[in-house]
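Some notes on the structure that comes next.
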Amino acid sequence: MNAGLMDELVTVQQFTTTTDSNTGEKLQSWTTYSTPWARIQESESGSESVDSDRREAKQTVTFSLRYDSGITTKMRILWESKYYNIINIADLERRMYLRLQTELVQ
Numbered sequence: 013m014n015a016g017l018m019d020e021l022v023t024v025q026q027f028t029t030t031t032d033s034n035t036g037e038k039l040q041s042w043t044t045y046s047t048p049w050a051r052i053q054e055s056e057s058g059s060e061s062v063d064s065d066r067r068e069a070k071q072t073v074t075f076s077l078r079y080d081s082g083i084t085t086k087m088r089i090l091w092e093s094k095y096y097n098i099i100n101i102a103d104l105e106r107r108m109y110l111r112l113q114t115e116l117v118q
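Residue numbers (my numbering): 13 to 118.
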């Protein structure tokens with residue numbers, strides 16, 4: 013893969029749980045894990061499904077970035093003010109790059 017094609021800055025976020033020291037309440041939020049440069053490939057064809065009489069369109073986007081062993085399918089991508097759940101991770105070129113298949117969060 014040509015590294016020059018990775019021309020978009022994205023944010024990889026992880027879900028975290030912390031405990032409020034004053035109240036003991038558990039607080040859950042998304043926090044920034046990393047902000048790598050990525051190549052973005054938007055799918056030309058999405059998919060639709062019908063669930064409980066409601067039509068749902070799914071937009072898939074593939075993000076290719078430098079290898080990071082800490083990225084998991086429990087994380088998400090923030091790009092252009094939209095969130096994408098990571099649904100699949102592929103290792104490319106012997107751990108040089110990752111290809112993240114994602115779905116837009118509706």
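Here a beta-carbon is modelled for each residue, glycine too, at the ideal position from N, C-alpha and C.
Counting every other CB atom within 10 Å of its CB across the protein chains shown gives Val117 a total below 16, marking it as exposed. Here Ile83 is buried. Its C-beta has 16 or more other C-beta atoms within 10 Å. Looking from the CA of Glu54, the closest CA among Leu90, Thr74, Asp80 belongs to Thr74. In terms of CA proximity to Gln26, Thr44 leads the group Gly16, Lys38, Met18, Thr44. Distance from the CA of Asn14 to the CA of Arg107, rounded to the nearest whole angstrom, comes to 15 Å.
In this structure, the beta-carbon distance from Arg88 to Tyr79 does not fall below 7 Å. A direct Cα-Cα distance of roughly 10 Å separates Ile52 from Val22. Rounded to the nearest angstrom, the Cβ distance from Thr28 to Ser41 is 6 Å, consistent with a contact under 8 Å.
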